[in-house]
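*Asks:* Input: one structure, supplied below.
Okay, here's the thing in structure tokens:
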């Protein structure tokens, strides 16, 4: 496979994942905002922008943090080049560039959803349609993954696509956790105190884990349990541990196919030995923020190493 | 359902009766409920959009992709007609390759006084560094598209030879797929020659043209595309996909160890045969346009030393020149010793004084084309142009007469298209696709039928709003 094509597949799935995660973040905020008074709702919307790292661009374009401004900015704002509409454009152009290495099913799922979303996001999104739009973005991801799972040859292209998915997903979960943790905990002494369970619920909703978490924990919403769930529970498909395991498998498969272990595998192993035996207590002791910052840096380094190992660029 | 006007209609004769080739189709058509046909017509559009079969439009928003409208009424050719056409096409393609070989070697045709040398000198499509070099297998044009028009029952003319980089074959294939998907019962009633193995035949034909450096095993074939913003990117991807070849861009390639190699996830791998869809001038910045990033620096050196086969060969475009076209009858006779089976359209070369005088006197009745133009750009269609347009074109023509040729406006045949109000006749042409390898000449039964969608229009180019039809060659 061409290095450029591997790069296209990797990024096609990173953008797809990013679009889906962004939609989940907005959905969670929307739900919280609807159950709150105006002032706190403003905090919800501010936190969405902060989680996405868009404060600067947003505040240059808008006076206040209200729902419609925020979701339009995130979904389609011209002042925000990383908007969801553009993300889908990037999914499609990467799919187009890798057209001969994806199945027709995957291509059609991408193309159809792109046509639909591009039309939906061509005009400002209002209060009554925002739910439909966010649902459509989530479903687009589901459909592409479904087509991918059911029709792709398990060759290296499959593993580059999956690697992109899990790198991006781990990045997203870690960012949400880090941001919310800061937002929710004024200081470390608050750990274990009775926190605003609604806000923690938003964290869980942002990663589509609210129901399953409640089910596992008999409805006990508390920081320690949530961190344990999102970082260490390798049964949950958006947890850091799950993403790590999946990525490790993909890298191992690529190394087998190329009969050579690259730098990415070494970095992965290094990262693994550091966290595989961690407990949630140890994480809190050393500092969750410090742990997440380290995780994000290692995640990014692995992504870079993959690009180098497999000649994504000339 | 009736053909109108004085043109030859493919489906109906002068009395309004269905021609034999269309008998079974028309019977089937008559049996379909109108609502069913309306629904299918809408579905076809959606199907093309969903599969992303689009072409990019230059000069507009870079991202704009458009569908080439598809008409669901097929154009049908009988087995006997096709046999005749095939013989003519084969003769012409054979002559084209001999002609190209001769031009880049001894130029016997010029020495014999049958072709003026001035057509070569100063011609942009002429590549001096191909002189004396013989491409692998002696083949210059591996993939050819011959544009044909019809004016009567037995009157087919060649309008243009596309020996450089003919496009449109993906539409031929997708049109058939779409038709079979929409009307499976139709194909059980009418025996139509298959076109679907074209990509396999293309792969085989290209693989038969390996360069001297080829070391055995399975030849590595790649399609070179300018990238996703090229108007024909969909076709490049489609062909590579169907052939099981890599789709490469210039940035994926580099020259090392005397070979052209592509950057794969496990290192650089040599390419044996490159089906390039990049024009000559962008192929090698070291040899041609130094600003181009589409090509591969040094590929021409590798080519000349036998390290790669380039299809079609650089320099082939000279035979697409419209002034050269006017000599095709002589060219066919010179190299085959036979009378041309397929006639040219009568052509006036404006470089000749007498011809120019005639053309200037008759602009309102003629089609005037730029010698190097393509895609329907830079031409004048006298009968449908305003007096101002004609006057403006006259200026250009007089300033540079050697840049132009002129042809009579033919009464092109029509074939009905499906419209909201039923069938309506529209002008069309036909581009059959031809593969050339040392193993022989292979013509796919059918081709791309392009059809004008506007009533009375003679312009069928997709860039000018034309559409396409599925093309059927009937089995005997």
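Chains as they are written, first to last, in the working numbering: chain A, 166 to 479; chain B, 7 to 482. Backbone N, C-alpha and C define an ideal beta-carbon position, used for all residues, glycine too.
Taking only beta-carbon positions, decide if residue 276 (chain A) is within less than 7 Å of chain B.
*Replies:* yes
*Asks:* Which whole-angstrom value is the C-beta distance of residue 461 (chain B) and residue 81 (chain B), which I expect to be below 8 Å?
*Replies:* About 18 Å separates the two Cβ atoms, so there is no contact after all.
*Asks:* Below 8 Å on the Cβ atoms is my guess for residue 75 (chain B) versus residue 459 (chain B); work out the distance and round it to an integer in Å.
*Replies:* Your pair residue 75 (chain B) and residue 459 (chain B) checks out as a contact, with CB atoms roughly 6 Å apart and the cut at 8 Å.
*Asks:* Cα-Cα, which of B:96, B:38 and B:326 is closest to residue 377 (chain B)?
*Replies:* B:326
*Asks:* Using the rule of at least 16 other Cβ atoms within 10 Å of the residue's Cβ for burial, across every protein chain shown, is residue 286 (chain B) buried or exposed?
*Replies:* buried
*Asks:* I need the straight-line Cα distance from residue 324 (chain A) to residue 399 (chain A), nearest angstrom please.
*Replies:* 20 Å
*Asks:* Please report the Cβ distance between residue 300 (chain B) and residue 256 (chain B), rounded to the nearest whole angstrom; I am assuming they are in contact, meaning their Cβ atoms lie under 8 Å.
*Replies:* 5 Å
*Asks:* Below 7 Å on C-beta distance, what does residue 1 (chain B) contact in chain A?
*Replies:* Residue 1 (chain B) cannot be examined here, being either before or after the span of chain B that is shown, 7 to 482.
*Asks:* Return the CA-CA distance between residue 247 (chain B) and residue 34 (chain B), expressed in angstroms with no decimal places.
*Replies:* 35 Å
*Asks:* Which residues of chain B have a Cβ atom closer than 7 Å to the Cβ of residue 265 (chain A), listed in chain order?
*Replies:* What residue 265 (chain A) touches in chain B: 243, 246, 247 and 253.
*Asks:* For residue 191 (chain B) and residue 424 (chain B), which I take to be in contact (beta-carbon distance under 8 Å), what is that distance rounded to the nearest angstrom?
*Replies:* So it is not a contact: roughly 17 Å between Cβ atoms.
*Asks:* Closest to residue 336 (chain A) by C-alpha separation, out of A:456, A:366 and A:464, would be which residue?
*Replies:* The residue among A:456, A:366 and A:464 with its C-alpha nearest the C-alpha of residue 336 (chain A) is A:464.
*Asks:* On a Cα-Cα basis, can you pick out the residue from A:272, A:207, A:477 and A:470 that is closest to residue 231 (chain A)?
*Replies:* Among A:272, A:207, A:477 and A:470, the Cα nearest to that of residue 231 (chain A) belongs to A:207.
*Asks:* Between the stretch 331–341 of chain B and the stretch 110–124 of chain B, can you find at least three pairs of beta-carbon atoms closer than 8 Å?
*Replies:* The stretch 110–124 of chain B makes contact with the stretch 331–341 of chain B; the number of CB pairs closer than 8 Å reaches 3 or more.
*Asks:* Does any residue of chain A bring its CB to less than 7 Å from the CB of residue 258 (chain B)?
*Replies:* yes
*Asks:* For residue 136 (chain B), which of B:128, B:178, B:350 and B:319 has the nearest alpha-carbon?
*Replies:* B:319
*Asks:* Can you list, in chain order, the residues of its chain with a C-beta nearer than 8 Å to that of residue 65 (chain B)? Leave out the 5 residues immediately preceding and following it.
*Replies:* Its pLDDT being 49, under 50, residue 65 (chain B) is placed unreliably by the model, and the measurement read from it follows with that caveat. Leaving aside the five residues that flank residue 65 (chain B) on each side, none in its chain has a CB nearer than 8 Å to its CB.
*Asks:* Could you tell me whether the Cβ of residue 316 (chain B) comes closer than 7 Å to any Cβ of chain A?
*Replies:* For residue 316 (chain B), the closest Cβ of chain A is not nearer than 7 Å.
*Asks:* Would you decide whether residue 128 (chain B) is buried or exposed? Buried here means 16 or more other CB atoms lie within 10 Å of its CB.
*Replies:* Exposed is the call here.
*Asks:* I'd like the list of long-range same chain contacts for residue 220 (chain B), defined as Cβ closer than 7 Å, with 5 residues on each side in sequence excluded.
*Replies:* 278
*Asks:* Does the beta carbon of residue 339 (chain A) come closer than 7 Å to any beta carbon on chain B?
*Replies:* Between residue 339 (chain A) and chain B, the shortest Cβ-Cβ separation is not below 7 Å.
*Asks:* What is the DSSP secondary structure of residue 261 (chain B), reduced to helix, strand or coil?
*Replies:* strand
*Asks:* Report yes if the CB atom of residue 285 (chain A) is closer than 7 Å to the CB atom of residue 180 (chain A), and no otherwise.
*Replies:* no
*Asks:* State whether the stretch 291–301 of chain A contacts the stretch 380–390 of chain A, with contact taken as three or more CB pairs (one from each stretch) at a distance under 8 Å.
*Replies:* In short, these stretches do not touch, since the Cβ pair count stays below three.
*Asks:* Count the other CB atoms, across all protein chains shown, that sit within 10 Å of the CB of residue 195 (chain B); report buried if there are 16 or more and exposed otherwise.
*Replies:* exposed
*Asks:* Report the three-state DSSP secondary structure of residue 376 (chain B) (helix, strand or coil).
*Replies:* Residue 376 (chain B): strand per DSSP, three-state reduction.
*Asks:* Quick check on the DSSP output: the beta strand (DSSP E) that includes residue 413 (chain B) runs from which residue to which?
*Replies:* 410–414
*Asks:* List, in order along the chain, the chain A residues whose C-beta lies closer than 7 Å to that of residue 226 (chain B)?
*Replies:* Those within 7 Å of residue 226 (chain B) in chain A number zero; the least Cβ separation is about 12 Å.
*Asks:* When we look at the beta-carbon of residue 331 (chain A) and count the other beta-carbons within 10 Å, is it buried (16 or more) or exposed?
*Replies:* Classification of residue 331 (chain A): buried, given that the 10 Å Cβ count is 16 or more.
*Asks:* Taking buried to mean at least 16 other C-beta atoms within 10 Å of its own C-beta, is residue 405 (chain B) buried or exposed?
*Replies:* exposed
*Asks:* Under a CB-based cut-off of 7 Å, is residue 265 (chain B) close to chain A?
*Replies:* no
*Asks:* Does the beta-carbon of residue 144 (chain B) have 16 or more other beta-carbons within 10 angstroms, so that it is buried, or is it exposed?
*Replies:* exposed
*Asks:* Does the contact criterion of 3 or more C-beta pairs under 8 Å hold for the stretch 396–413 of chain B versus the stretch 429–440 of chain B?
*Replies:* Because the criterion of three Cβ pairs below 8 Å is not met, the stretch 396–413 of chain B and the stretch 429–440 of chain B do not touch.
*Asks:* Are any of the Cβ atoms in chain B nearer than 7 Å to that of residue 323 (chain A)?
*Replies:* no
*Asks:* Closer than 6 Å by C-beta to residue 313 (chain A): which residues in its own chain qualify, once you throw out the five before and the five after it? Chain order, please.
*Replies:* 271
*Asks:* Which residue marks the beginning of the alpha helix (DSSP H) containing residue 71 (chain B), and which one marks its end?
*Replies:* Counting along the chain, residue 71 (chain B) falls outside any alpha helix (DSSP H), though it belongs to the beta strand (DSSP E) covering 71–73.
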